[in-house]
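Chains as they are written, first to last, in the working numbering: chain A, 1 to 268; chain B, 1 to 355; chain C, 1 to 372; chain D, 1 to 255; chain E, 1 to 334.
C-beta atoms are modelled at their ideal positions from N, C-alpha and C, and glycine is treated no differently.
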Amino acid sequence: MQTSSTSSVSTPPVSTPSLSTRDLSIHFGGHVAVNQVSADFYPGSLTVIVGPNGAGKTTYFNLISGQLNASSGSVSLFGQDITKFGAAKRTRAGIGRAFQLTNLFPHLSVMENVRLAVQSRAGIGLNIFSLWSSHKELIQRAEHYLERVALANRRDDRVITLSHGDKRKLEVAILLALEPEIMMFDEPTAGMSVDEVPVVLNLIQEVKAEKNKTILLVEHKMDVVRSLADRIIVLHNGTLVADGEPATVMASAIVQEAYLGKGVAQDV
Amino acid sequence: MFRQLLSDDLPRSRMLSALLLLTFFGLAAAPFITSGARPLNTAATICIYIILVASYDLLLGYTGIVSFAHTMFFGIGAYGVGLALSSGTPGWGVIIIGILLALILTVALALMIGLFALRVRAIFYSMITLAVASSFAVLASQLSDLTGGEDGITFRVPEILTPGFQLFENDIFGRTVDGKVITYYIVFSICVLLFLFLLRVVNSPFGRVLQAIRENEFRAEALGYRTVVYRVLANCLAALLAALAGALMALWLRYVGPKTMLSFEVMTDILLIVVIGGMGTLYGAVIGAALFIIAQNYLKNLMAQGSEALVDFPILAQIFHPDRWMLWLGVLFILSVYFFPTGIVGKLRGGLRQR
Amino acid sequence: QDIKIALIAGKTGALEPYAKETETGFMMGLEYLTGGKMEVNGKKIKVIIKDDQSKPDMGRALLAEAYGDDKVDIAVGTTSSGSALAMLPVAEEYKKILIVEPAVADAITGDKWNRYIFRTSRNSMQDALAAASTIKSGGSIAFLSQDNAFGRDAIKAAKEALTTAGSKAKVVHEEFAAQNTTDFTAPAQRIFDALKNKPEPRLLQIVWAGPSPMNKLADLKPERFGINLAPGGNILPVMKLWKSYAGTQGTIYYYYDFPKNKMNDWLVAEHTKRFKAPPDFFTAGGFAAASAVYTALSKAQSTNTEKLITTMEGMEFDTPKGKMNFRKDDHQALQSMYHFKIKKDQKNEWDILELVREIPASDIPVPVKNKR
Amino acid sequence: MSDAATQAPAGQTQAAQKLLELKGVHTHIGEYHILQGVDLCVPRGGLAVLLGRNGAGKTTTLRTIMGLWKASQGSVQFDGQNIAALSTPSIAQAGIAYVPESMAIFSDLTVKENLHLAARNGAMNTERLEWIFGFFPALKKFWNYPAGNLSGGQKQMVAIARAMIEPRKLLLVDEPTKGLAPAIIQSLMEAFKELKASDTTILLVEQNFNFVKNLGDTVAVMDDGRVVHTGTMRELADNEDLQQKLLGLSLASHQ
Amino acid sequence: MNNPDLPSKPRDLAPLFLVPVLALAMLPLIGSFPTWLTLTVAGLAMGMMIFIMSSGLTLVFGLMDVLNFGHGAFVAVGAYAATMVLLPMKGWLEIDSLWVNLGVLGLAVLFAMLVTAILGWAFERLIIMPVYGQHLKQILITMGGMIVAEQIIGVIWGVEQIPLPLPESLRGAIFIGDAAIEKYRLIAVVVGIVVFLAMFLILNRTKLGLLIRAGVENGEMVEALGYRIRRLFIAVFAAGSALAGLGGVMWGLYKETLTAAMGSEVMVMVFIVVIIGGLGSVGGCFIGALLMALVTNYAGFLAPKFALVSNIALMMAILLWRPAGLYAIGRRGA
Ligand SMILES: Nc1ncnc2c1ncn2[C@@H]1O[C@H](COP(=O)(O)OP(=O)(O)OP(=O)(O)O)[C@@H](O)[C@H]1O
Ligand SMILES: Nc1ncnc2c1ncn2[C@@H]1O[C@H](COP(=O)(O)OP(=O)(O)OP(=O)(O)O)[C@@H](O)[C@H]1O
Ligand SMILES: [Mg+2]
Ligand SMILES: [Mg+2]
């Protein structure tokens, strides 16, 4: 089942994939972190990427969003080859991602963190003569996203004063604020308390319900995976080893073995 | 209206507002509330340094770029005017041309440095600027036929700017309104305009991105801002303003020379003022510059009295001897970093909480 | 009311030591001349000391302040040529006298000169001529100097001087090393290569302000190539280091042991008493400036600028170096210089030079360079 | 290193049941008053779990114990000695190891060097190392790799391994399972069990209830900088209403 | 326990060849062999002195991430401190016996290093402590420290230049044919090599280096592992200062006249060396210093005009080749 399957996606496949990677690879020194991964992703579908620690999930994200440059292979967005684009250009082209290890503007206020995302979306960054505060609609948009992740109450606090969980939520808010076509979540609920997790999951559900966004999600929590996934991709030692229906994939030997670790987890 | 003028970036502290108003009116009325050459000289220097420092803060406080090349641009502006005036017959046209040429050179250099900086880490960037600046200074003193070498050039300015020229017959508030005073008001008003412009820049969406870059460049890039472009732009803006400040300085002093325009001392003064005043807030530049320049001009007189009072304690007298004023400058350096980690403005505003 | 005199010097920064000497000399000078009363024409003399940090803009501002705010009658200064040059126009603006001491740049009494400027210190040309006067014989000469305005000025003067002094020596090489040069191996090699096979006697003249590279060159044994060094005189702390090169000859502006006159005797005795060291180069300079001021004031019996100028033009006055006089044309004080030799057996740490010959002013025909 | 023997007999017996006890601990961070009187008690040889929603103050509590924030009030008894006033190094040397929430691995250093530093008493004991590799094979594989280049989960493993490399009296672990794959979570569970067996006491902050529910002995729940519930894990695990009440957690969505 | 597909990165040797290549490349240009020899040996020796002065700076930066613009002050203080031993013992220096002279020098060096070490300790306490991890503030506050130190020197030792004559036995030069090699420079070479080896071993063969690098990245965590990082930092800083002190003595004896500003004068040069080396790498610093001194000499001989900017040109060239300097920090192998 080593394929980039289009057949087995549960939502009716839109003819053209919004995002696709062809033989995408990267190696660090001798170590191949992502190896010839080819996959297509479709609007309105939510794909969960699972795999052992160090399988290459985050690196795969980095290759798509441009934080890393592929050693070989290509990434294309709505049919356009964006392999040569830098991170910023890809973001503006519509690829948004939230980071696994929280990565924010520590000394700016929670509000400003989100506002900057909105501003980038609005593309007025180079405007020197207007006042940032005169762009009321942007501020309102930012406030709206803060409410959606239930952070409105911390609006004016600096980010370093947030607890870990709150930072995770802010990470998500920023991604939403970018309003990208492609949304990539890297373990959004890691370290989030059990009562907060649903907040984020519902958010993702809502976005998914809009049916026009392409969502990629890296997650280790099986319950989360089950409740969200239309489709599951399994990475193992950088190679794509399974791709398809959640049920079938989760049942497959390799996943049981290497990932869920029924029996002893041999290699990693 | 007023809000708009200040780009909605109000002092947000009674004390601070008071100080700013004091400085503003003090400078506006300087020629008539003081007498003699030195006070006027001090006032003019303050005006010019406010711009010089504020423009540097755009790099340092807002974008988080540590550059040592700021004096270089200051110098280019100054030499632009100086060379123009010393070459041709002093006239406004000549000045304008001089400034324009200087600005062109400035942008070219700023772009070059900026683009070079993309290849190297932040800290290396500051070291490179240091190197470039110092070699530029060397160059300036080497081309002695053109620049007058270490000695620099003393030049003439248009008639109405010379002390000889008198606007009115009789004195006003005990000050003859001569070319010096006219020059002062030219300097003053240009500085006000430039400052307001800077305020606008840092409070524009652009300015906000700069702060984001300072905080976390990687993330700013990930948000879709081409940080390179922003840094280079900030670089050029700051350089241009510095050059303008330099032009004004030359016009005021009727002299240009490496010690005054290009030396590392000027750079350290700028840095110190930024820190005393408070990084990342332009008002810091105003307060800092005012305090510092005044101190620099009058500290020694104070110390002279101090050491006279202490004659019978040799060591103390030694330490407070006016020739040791640099010692106290150094102490100032240290204390200001100690006690005003966020600068005077930061202190006055209480904490560095951002909006 | 009092007679006010401003003394401007680079009291902080690189030139601080020089400025200190000038100040000491100037004050001691007044003390000696007024017999400690600090009075002239029955008026008290008030000296206002200002520090221009060797910065031209400061120099300007301070001089303007002195004339304008402090209302001084005469100003004296300053240490750095750059600063001095910047001051000249100010004196003209305020129509007040400025006595330049100890800046040496030729331009001060040259094309940048104006009628309010007098100079007690010697200028580069005088140095050069003095040096030249010791090189009557033929042979080959190379110069080493620092690569800046001062250095180039000096070498230009030196070459001019050679011709004026009618020396048959031929200049075969000019080496300009960066001001901040620390390693003189390379310049030395270039000079040696240039001089090596040229006709004897081979002379290397070193003109260097600040710590002189003399030792570094001597350590490379130029005598291997039959090259002799001729260092320009320097301040005592520097010349102390030359003891290992006894016999080396050069010319100098002042050395405490050379002049024989009452004024100098008093200066040396008094200075040694107060500072545990004999007076130096710039101390004498300061003293001379003081003498110029005092003599002018007492002769003119007034502080009126025009009166002073007429008095001072051609005025002769005593200094620790003997008589000087301001020649009418460019107000440069003509003075004698000294041809020295480094002593072999030095009795104490300050016993460094021995006199070969005093070069009288008459042997130093300084050309008049101010187009007047 | 103080040992209970030096204490009064009473103190000794007390220290015998309680390895760590916080009494009315208050912690301020800047102008914020974060911990507002935390009482917490960790029995010797047990595994105590600290639960609570985001921002409850769990991390702050651990940092306070570690001396990384200074308690402005209250006492922290460890092994019969009040460590509230001690400096962080002394606290560590008293026998406490810490796995911070941020992992705080040294990214410039290799995995090997990271562990090498954690082994305070010089060289690393090889079989203990092998024992750790047993749980986290990745570490063995990336032994000479700069830790900064590791994956999120791998970094987490390094952080945990650092605390296990030498025997310590008490382990403070802040959300170890975040970012770990199920397989590794299982071996982590094993690891904790074995540590307990070799009477290491553990104070574990965790969000993943399924992970702790059959691991913990006692449990404490925090909210708004206070401990709002203490008891045995059993009781909480069996009582869904209690879970609902304390954690806002319904097993329906999370089994 | 190495893993086949993860080779631990190979030692980076390229920079090691720069010095010999440069030297040999110059031979034909210079032509005369004796001249070349003189220039090269002189350059190497000068490089050693520069290295000694820079080593402390790169150490403090590499290990503690502290940018000490005040480093020059320690150089100056070192030199001045040495005079307190050398001037009283003048008599001994004028005796023309190598061993007696060296003995006295050794004494002076020890004293100077002691003084600078103590000063460094105080400096760290008063000036560096509040600004760990904030480069800008470090630059400022250490500049302040520099100014203060220079002024204090002025107060204690006076502003006049202090002559510091070389001992007789170290004067002059040795001659190999027409090539002249100053004796003093040979001493510099020896000292330089000793310092380099000592630092290299300590940093790469002991836990110390690791500990401090970890401490810079996350001091809290190192403390949480039970190490007293503060003490360590102070020790390192004192060591760095002592090295500067040593450099100061060497430099002072070379220049033979001391001025309070002698420290700040060398700062730009020192910084360029440290950058070329890759801030924090002792090995890089060593090579950088040699390169710079050689380039200066060759340039000074072939094209004096260019000598003015040769340092900067060199730095630019190196950074274009390796944007983070010869040996980027963070990687092991000082
Ligand atoms: N910048 C880098 N340099 C060298 N190796 C790297 C780098 N980034 C990642 N790797 C290696 O690539 C492999 C994949 O890393 P990645 O972060 O993608 O794993 P992951 O699937 O996200 O794991 P986790 O679930 O723990 O986050 C790891 O073995 C890691 O060591
Ligand atoms: N450096 C800080 N400055 C100010 N407030 C802080 C700081 N760190 C944490 N806080 C505040 O202290 C409270 C407790 O934070 P803490 O990190 O202990 O929560 P937590 O229980 O660990 O939450 P999480 O489960 O998300 O990690 C939070 O409200 C947080 O905003
Ligand atoms: Mg990952
Ligand atoms: Mg926490």
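Collapsing the DSSP output to three states places residue 160 of chain A in a helix. Taking a Cβ-Cβ cut-off of 8 Å, the neighbours of residue 16 of chain C in chain E comprise 154 and 159, given in sequence order. Among the residues of chain B, those whose CB is under 9 Å from the CB of residue 271 of chain E are 127, 130 and 131, following chain order. For the pair residue 283 of chain C and residue 3 of chain C, the CB atoms are not nearer than the 8 Å cut-off. Inter-segment contact for the stretch 194-202 of chain D and the stretch 219-230 of chain D is absent: fewer than three beta-carbon pairs are separated by less than 8 Å.
Distance check between residue 202 of chain C and each of C:170, C:220 and C:215 places C:170 closest, using alpha-carbon atoms only. Residue range 337-342 is occupied by the beta strand (DSSP E) that includes residue 337 of chain C.
By the C-beta criterion, the stretch 236-250 of chain C is judged to be in contact with the stretch 162-172 of chain E, since at least 3 inter-stretch pairs fall below 8 Å. Annotation for residue 190 of chain C: the continuous alpha helix (DSSP H) segment containing it runs 185-195. Judged by DSSP secondary structure, residue 98 of chain D falls outside any alpha helix (DSSP H) and instead within the beta strand (DSSP E) spanning 96-99. Going by DSSP, residue 21 of chain C is part of the alpha helix (DSSP H) stretching over 16-33. Nearest C-alpha to residue 25 of chain D among D:40, D:220, D:137 and D:51: D:40. The shortest C-alpha to C-alpha distance from residue 134 of chain D to any of D:43, D:188, D:213 and D:222 is the one to D:188. Collapsing the DSSP output to three states places residue 143 of chain C in a strand. When only Cα atoms are considered, residue 281 of chain C and residue 20 of chain C end up about 11 Å apart. In terms of CA proximity to residue 366 of chain C, C:331 leads the group C:340, C:348, C:331 and C:339. At the C-beta level, residue 239 of chain A and residue 35 of chain A come within 8 Å of one another. The criterion of a C-beta distance shorter than 8 Å is not satisfied by residue 16 of chain B and residue 106 of chain B.
In this chain, residue 220 of chain A is not harboured by any beta strand (DSSP E), its DSSP state being neither H nor E. The C-alpha of residue 217 of chain D is placed about 11 Å away from the C-alpha of residue 50 of chain D. Inter-residue distance for residue 285 of chain B and residue 205 of chain C is about 51 Å (C-alpha atoms, whole angstroms).
Close CB contacts of residue 178 of chain C within its chain, under the 6 Å cut and outside five residues either way in sequence, are with 147 (chain order). Think of a sphere of 9 Å around the beta carbon of residue 107 of chain C: no beta carbon from chain E falls inside it, the nearest being about 24 Å out. Residue contact with chain D for residue 101 of chain A: present (Cβ-Cβ distance below 8 Å to some residue of chain D). Under the three-state reduction of DSSP, residue 120 of chain D is assigned to coil, being neither helix nor strand.
The CB of residue 206 of chain B comes closer than 7 Å to the CB of 125, 126, 127 and 128 in chain A, given here in chain order.
DSSP places residue 42 of chain A in no beta strand (DSSP E); its state is neither H nor E.
Taken through DSSP and simplified to helix, strand or coil, residue 184 of chain A comes out as strand. Rounded to the nearest whole angstrom, the C-alpha separation of residue 89 of chain A and residue 215 of chain A is 19 Å. Residue 135 of chain E carries a helical assignment under DSSP once its states are collapsed to helix, strand and coil.
One finds 171 in chain E with Cβ atoms closer than 7 Å to the Cβ of residue 244 of chain C, taken in chain order. Contact between residue 222 of chain C and residue 139 of chain C does not hold, since the beta-carbon distance rounds to 14 Å and is not under 8 Å. Look at the stretch 215-232 of chain E: the residues with a C-beta under 7 Å from a C-beta of chain D are 217, 218, 220, 221, 223, 224, 225, 226, 227 and 228. Interface with chain E (8 Å Cβ-Cβ cutoff): residue 318 of chain B is included. Proximity of the beta carbon of residue 59 of chain D to ligand 4 is indicated: a heavy atom of the ligand is located closer than 7 Å. The shortest C-alpha to C-alpha distance from residue 89 of chain B to any of B:53, B:149, B:158 and B:152 is the one to B:158.
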